[in-house]
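Since the structure comes first, as structure tokens, the remarks are kept for the end.
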Amino acid sequence: MSQYDLDVLRKKFELEIARSELEEARNAKSQVRMMRDAEGNYGYVYTADANAVADAEQSYEDKLHELQVLNTEYIKQLEDNYLQLQQNVRDQIANLDITQFATEEEYLAEVDRIQQAALELQKRYGQQMDNAINNNRDLYENDWATYSRLTGYKISLDEEYLDKFTETQYSVLTGYKSMKEASAAFAKSLEDAVASVTLAYEETRVMQQTAMNDGATSMEEFAKSATNATNEVGKQT
Numbered sequence: 054m055s056q057y058d059l060d061v062l063r064k065k066f067e068l069e070i071a072r073s074e075l076e077e078a079r080n081a082k083s084q085v086r087m088m089r090d091a092e093g094n095y096g097y098v099y100t101a102d103a104n105a106v107a108d109a110e111q112s113y114e115d116k117l118h119e120l121q122v123l124n125t126e127y128i129k130q131l132e133d134n135y136l137q138l139q140q141n142v143r144d145q146i147a148n149l150d151i152t153q154f155a156t157e158e159e160y161l162a163e164v165d166r167i168q169q170a171a172l173e174l175q176k177r178y179g180q181q182m183d184n185a186i187n188n189n190r191d192l193y194e195n196d197w198a199t200y201s202r203l204t205g206y207k208i209s210l211d212e213e214y215l216d217k218f219t220e221t222q223y224s225v226l227t228g229y230k231s232m233k234e235a236s237a238a239f240a241k242s243l244e245d246a247v248a249s250v251t252l253a254y255e256e257t258r259v260m261q262q263t264a265m266n267d268g269a270t271s272m273e274e275f276a277k278s279a280t281n282a283t284n285e286v287g288k289q290t
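For what it's worth, this note's numbering labels the leading residue of the sequence shown as 54, then goes sequentially.
Spelled out as structure tokens, the structure:
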């Protein structure tokens with residue numbers, strides 16, 4: 054369970070307390086008012102304390118807003134994490150020193166390790182994103198609806214509800230319609246990267262063999278050219 058999940062449970066508990074306090078305030082007949090009945094006779098009636106009800110409503114609305122902020126901020130954090138993950142993969146592949154691997158198999162094994170770690174992390178981010186969006190949808194469809202019912206269908210008009218992936222900044226930026234679609238595109242980009250670095254490895258080994266054969270290139274110069282070639286591959290991923 055993540056820190057976000059724990060925070061959601063805590064906010065849900067606080068929200069339930071606020072709801073209970075509002076119901077108690079509405080049901081409590083602690084104020085006495087003199088009212089006239091249909092026949093014109095005056096009498097005392099007990100009513101709920103209007104100030105206490107108003108305070109309870111505000112507390113309830115504050116808790117709803119806090120939970121919404123928690124959800125949307127976490128979604129934004131996941132978007133940033135996802136973008137950073139993509140950049141990290143590009144950097145890791147670009148920074149691989151081809152000359153440090155004795156065989157192509159060793160080189161590709163390291164590339165595959167980077168790829169699999171990125172895919173696993175991306176999968177985790179996707180699950181967390183879906184969870185946060187579902188939480189926010191539930192907040193809108195259930196918690197806010199309950200608040201509206203208890204307050205005579207009062208509702209905050211300045212709230213913005215993110216209840217689907219297409220409303221996230223990441224979706225707007227990339228054009229992906231779902232987290233599944235975004236994940237598939239990410240996996241495809243990693244496959245293309247592996248194909249590119251395989252070609253780069255083969256070309257680099259050819260360069261190395263040629264350099265060794267004619268003696269015109271020092272190992273230091275070769276290493277520099279190999280690094281430049283790998284960086285170019287990294288830019289394409």
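Here a beta-carbon is modelled for each residue, glycine too, at the ideal position from N, C-alpha and C.
| query | result |
| --- | --- |
| Status (buried if at least 16 other CB within 10 Å, exposed otherwise) for residue 239 | buried |
| Residue 232 - DSSP class collapsed to helix/strand/coil | helix |
| Beta-carbon spacing of residue 124, residue 198 below 7 Å | no |
| Candidates 54, 161, 219, 74, of which the one nearest residue 203 by Cα | 74 |
| Assigned secondary structure, residue 54 (DSSP; H/G/I helix, E/B strand, else coil) | coil |
| First through last residue of the alpha helix (DSSP H) which encompasses residue 295 | Because residue 295 is not part of the residues shown, which for the chain are 54 to 290, the question remains open. |
| Chain-order list of residues whose beta-carbon lies under 8 Å from that of residue 236 (same chain, five-residue window excluded) | 175, 176, 179 |
| Helix, strand or coil at residue 237 according to DSSP, with G and I counted as helix | helix |
| Proximity to residue 118 [Cα-Cα], best of 131, 65, 160 | 65 |
| Top-ranked residue by Cα proximity to residue 113, from 196, 220, 225 | 196 |
| Reference residue 170, options 111, 243, 104, 192, closest by Cα | 243 |
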